[in-house]
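K.L.:
Using the numbering used here, the letters of the sequence shown correspond one by one to residues 5 to 530. Glycine is no exception: its CB is placed at the ideal position from the N, C-alpha and C atoms. Being a predicted model, the structure only gives us computed values, none of them experimental.
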Amino acid sequence: MNFIVTDFAKRLEKITLKPESFKSLSRGVERETLRYQKDGRLATTPHPKDLGSAYANDWITTDFSESLLEFITPVSTDINTLIQQLEDIHHFTQSKLGEERMWPLSMPCYVSHQDDIHLAQYGESNSGKMKTLYREGLKRRYGSLMQIISGVHFNFSFPESFWDALYGEQSEAERRESKSEAYFGLIRNYYRFGWLIPFFFGASPALCSSFIKDRETKLPFENIGQTLYLPFATSLRMSDLGYTNSAQSSLRIGFNSLNEYLDGLNTAIRTPSTEFADIGVKVEGEYRQLNTNVLQIENELYAPIRPKRVAKNGEKPSEALSRGGVEYIEVRALDVNPYSSVGIDQDQIRFLDLFLTWSALSDSEPMDFCEQECWRENWDKVIASGRKIGLQLQIGCKGEVLSLQDWAHRVFDELLLIAQRMDSVHGGEAYQSVCNKLRTWIDNPELTFSGQLLADTKRLGGLGKVGCEFGQRYSEQHERHKYTTYSQEIMEQEVQRSLEAQRQVEQSDTLNFDDFLQGYFAYLDQ
Numbered sequence: 005m006n007f008i009v010t011d012f013a014k015r016l017e018k019i020t021l022k023p024e025s026f027k028s029l030s031r032g033v034e035r036e037t038l039r040y041q042k043d044g045r046l047a048t049t050p051h052p053k054d055l056g057s058a059y060a061n062d063w064i065t066t067d068f069s070e071s072l073l074e075f076i077t078p079v080s081t082d083i084n085t086l087i088q089q090l091e092d093i094h095h096f097t098q099s100k101l102g103e104e105r106m107w108p109l110s111m112p113c114y115v116s117h118q119d120d121i122h123l124a125q126y127g128e129s130n131s132g133k134m135k136t137l138y139r140e141g142l143k144r145r146y147g148s149l150m151q152i153i154s155g156v157h158f159n160f161s162f163p164e165s166f167w168d169a170l171y172g173e174q175s176e177a178e179r180r181e182s183k184s185e186a187y188f189g190l191i192r193n194y195y196r197f198g199w200l201i202p203f204f205f206g207a208s209p210a211l212c213s214s215f216i217k218d219r220e221t222k223l224p225f226e227n228i229g230q231t232l233y234l235p236f237a238t239s240l241r242m243s244d245l246g247y248t249n250s251a252q253s254s255l256r257i258g259f260n261s262l263n264e265y266l267d268g269l270n271t272a273i274r275t276p277s278t279e280f281a282d283i284g285v286k287v288e289g290e291y292r293q294l295n296t297n298v299l300q301i302e303n304e305l306y307a308p309i310r311p312k313r314v315a316k317n318g319e320k321p322s323e324a325l326s327r328g329g330v331e332y333i334e335v336r337a338l339d340v341n342p343y344s345s346v347g348i349d350q351d352q353i354r355f356l357d358l359f360l361t362w363s364a365l366s367d368s369e370p371m372d373f374c375e376q377e378c379w380r381e382n383w384d385k386v387i388a389s390g391r392k393i394g395l396q397l398q399i400g401c402k403g404e405v406l407s408l409q410d411w412a413h414r415v416f417d418e419l420l421l422i423a424q425r426m427d428s429v430h431g432g433e434a435y436q437s438v439c440n441k442l443r444t445w446i447d448n449p450e451l452t453f454s455g456q457l458l459a460d461t462k463r464l465g466g467l468g469k470v471g472c473e474f475g476q477r478y479s480e481q482h483e484r485h486k487y488t489t490y491s492q493e494i495m496e497q498e499v500q501r502s503l504e505a506q507r508q509v510e511q512s513d514t515l516n517f518d519d520f521l522q523g524y525f526a527y528l529d530q
């Protein structure tokens, strides 16, 4: 792929003529965090009742386990508001945790045994039971430890003025097609250049030895007591030890168009797995997983980015995309930021604004499966050795290579052009400041999150000590916090609303669970 992007400048100029395009970017955050005890061990208590229904609370739920909290913000066009929402949610949650705290790292705290990890419970409705059964399948397929790794998902979309500037007047159908095509162009460039995210913001160069107990690994770990680390690693969370699925490596899902992506996804959810068939579905009257396919449901597809559309009630993600095209994208490559009390900070958001805008405006040639594999190899290199100065990355399948530093600087030359225009719209120099700061990290990787965290791990004598020290500091910070966007009354109202919503769903069920599942998966036979 050429570094001199022929049409980038023209597209950027078009957007600049409609400055509101840079003022109305939509963002939302989903932040995961484990509840833990003061001694650094995983909390084994149920999801606190005072937080409402994990099934129906709009802001506070659980992910894989009862101890894995997930905080969800509404969509916002203002970065300050987004961070304030997260701060308010964290404050309310901490006020309901008693002596427990929220783990500030992606890699789990000390887990003595996998049986300590209790599956998330969502009540007695058929849909609630299905959510728990899906997690039972994940546990039997991959083990529970992998599933309690925490991350941050960043949801992002451009305003209509952005598309107006690029495409002019269009019919509804034309605009839907243009947006989907552009978002898939963004996704392809994200695969090509998105290794920048774990390079800068990867924050899992180390893990607790309990995490890989009884697991084989060929990685040349060094240790600090019970902490294992790789000297130049950025994000072990995204490595083969982390949140990945080797069973999906044979899936061929393309990103050249919405139809190609949906075809690949629909094939994947219908592909039988001999390995998972050995687990069984319902054995001696008890369900073990939803089905024996490579993917039980679409959400099981692990990817560093996903095209998304808000689904209607009862609609599956692929059905929503097929109906209305791509509405937004979900960035899934972010580790929890250990230097932020809410797991992400404003500089990261501004960088993502710049990078995702650049990915959409830059040329993005179709990507075949050979090129996909090349870029995956680059990601793997950065994940395991990204802070090694001069690390060589391959350019597509042509055998050309370039150092990470050279490549990153070339990207930043164009990111800075976008930053200048965004700052002219917002006032100040916040975007340029982020560009200039991160640019110094390119040549001094110890300034990155992973570099800082590994230094702190060595200084304090282990990852557990880092987590406990940071966790205590943030716990006290959350307790002192004063509401800025929400209020105690609003948060309590959502608790009660969620409990009532769960009750209503449970009371409205008319099918038994077997029939419910049969109906839900009837589409697989079509």
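Could you please give the first and the last residue of the uninterrupted alpha helix (DSSP H) stretch that includes residue 257?
P.N.:
Element bounds for residue 257: n/a, residue is neither H nor E.
K.L.:
Which partner residues does residue 334 have in the DSSP bridge list?
P.N.:
Answer by DSSP bridge pairing, in chain order: 159, 310.
K.L.:
What is the DSSP secondary structure of residue 339, reduced to helix, strand or coil?
P.N.:
Three-state DSSP puts residue 339 in a strand.
K.L.:
Three-state secondary structure (DSSP) at residue 232?
P.N.:
Correct three-state label for residue 232: strand.
K.L.:
Return the Cβ separation of residue 475 and residue 107 in integer angstroms, given the expectation that the two are a contact with Cβ distance under 8 Å.
P.N.:
That belief holds up - the Cβ atoms of residue 475 and residue 107 are roughly 6 Å apart, short of 8 Å.
K.L.:
Tell me, which residues are paired with residue 405 by DSSP?
P.N.:
Per DSSP, 398.
K.L.:
Quick one: what's got a C-beta closer than 6 Å to residue 405's C-beta in the same chain, skipping five residues either side?
P.N.:
If we look at residue 405 and ignore the five residues flanking it on each side, its Cβ neighbours are 396, 398.
K.L.:
May I have the straight-line CA-CA distance separating residue 74 from residue 35, to the nearest angstrom?
P.N.:
Each residue's alpha carbon lies about 6 Å from the other.
K.L.:
Within 8 Å, do at least three Cβ pairs link the region 61 to 79 to the region 110 to 127?
P.N.:
The region 110 to 127 vs the region 61 to 79: in contact.
K.L.:
Using the C-alpha atoms, what's the distance from residue 236 back to residue 393?
P.N.:
Answer to the nearest angstrom: the Cα atoms are 9 Å apart.
K.L.:
Roughly how many whole angstroms lie between the Cα atoms of residue 267 and residue 101?
P.N.:
Computed Cα separation, rounded: 44 Å.
K.L.:
If you compare alpha carbons, which of 484, 83, 32, 12 is closest to residue 99?
P.N.:
The shortest Cα separation from residue 99 among 484, 83, 32, 12 belongs to 484.
K.L.:
Mind checking who residue 480 pairs with in its DSSP beta bridge?
P.N.:
Per DSSP, none; premise fails for residue 480.
K.L.:
Could you check which residue in 331, 223, 211 has the C-alpha nearest to that of residue 79?
P.N.:
Considering only alpha carbons, the answer is 331.
K.L.:
From this set, 530, 526, 17, 521, which residue's C-alpha is nearest residue 285's C-alpha?
P.N.:
Residue 521 is the option with its Cα nearest to residue 285.
K.L.:
Under 9 Å between the Cβ atoms of residue 159 and residue 335?
P.N.:
Yes. Within cutoff.
K.L.:
Hey, would you say residue 502 sits closer than 9 Å to residue 60, going by beta carbons?
P.N.:
It is a contact, given that the beta carbons lie within the stated cut-off.
K.L.:
Tell me the residue span of the beta strand (DSSP E) that contains residue 374.
P.N.:
No beta strand (DSSP E) contains residue 374, which is instead part of the alpha helix (DSSP H) from 373 to 389.
K.L.:
Give me the DSSP bridge partner(s) of residue 286.
P.N.:
291.
K.L.:
Under 6 Å Cβ to Cβ from residue 9, same chain only, skipping five residues before and after it: list those, please.
P.N.:
For residue 9, the predicted structure reports a pLDDT of 42, less than 50, and the residue's modelled location is therefore unreliable. A value from the coordinates is still provided. 366, 367.
K.L.:
If you run the structure through DSSP and keep just helix, strand and coil, what is residue 226?
P.N.:
DSSP places residue 226 in strand when its eight states are reduced to three.
K.L.:
Taking residue 28 as the reference, which of 293, 463, 161, 438 has the closest Cα?
P.N.:
It is 161 whose Cα lies nearest to the Cα of residue 28.
K.L.:
State the CB to CB distance for the pair residue 202 and residue 337, rounded to an integer number of angstroms; the pair is presumed to be in contact (CB under 8 Å).
P.N.:
Sure, about 6 Å apart at Cβ, within 8 Å.
K.L.:
Assuming residue 53 and residue 103 make a contact with CB atoms under 8 Å, what is their CB distance in whole Å?
P.N.:
That pair is no contact at about 16 Å.
K.L.:
Go ahead and pull the three-state DSSP assignment for residue 130.
P.N.:
Three-state result, residue 130: helix.
K.L.:
Straight-line CA distance for residue 309 to residue 443?
P.N.:
The straight-line gap from Cα to Cα measures roughly 24 Å.
K.L.:
Enumerated in chain order, which unbroken segments of the alpha helix (DSSP H) with a length of 4 residues or greater are wholly contained in the region 58 to 118?
P.N.:
As far as the region 58 to 118 is concerned, its whole alpha helix (DSSP H) runs of at least 4 residues are 83 to 98.
K.L.:
Going by DSSP, what residue range makes up the alpha helix (DSSP H) through residue 124?
P.N.:
That residue, residue 124, is in no alpha helix (DSSP H); it is neither H nor E in DSSP.
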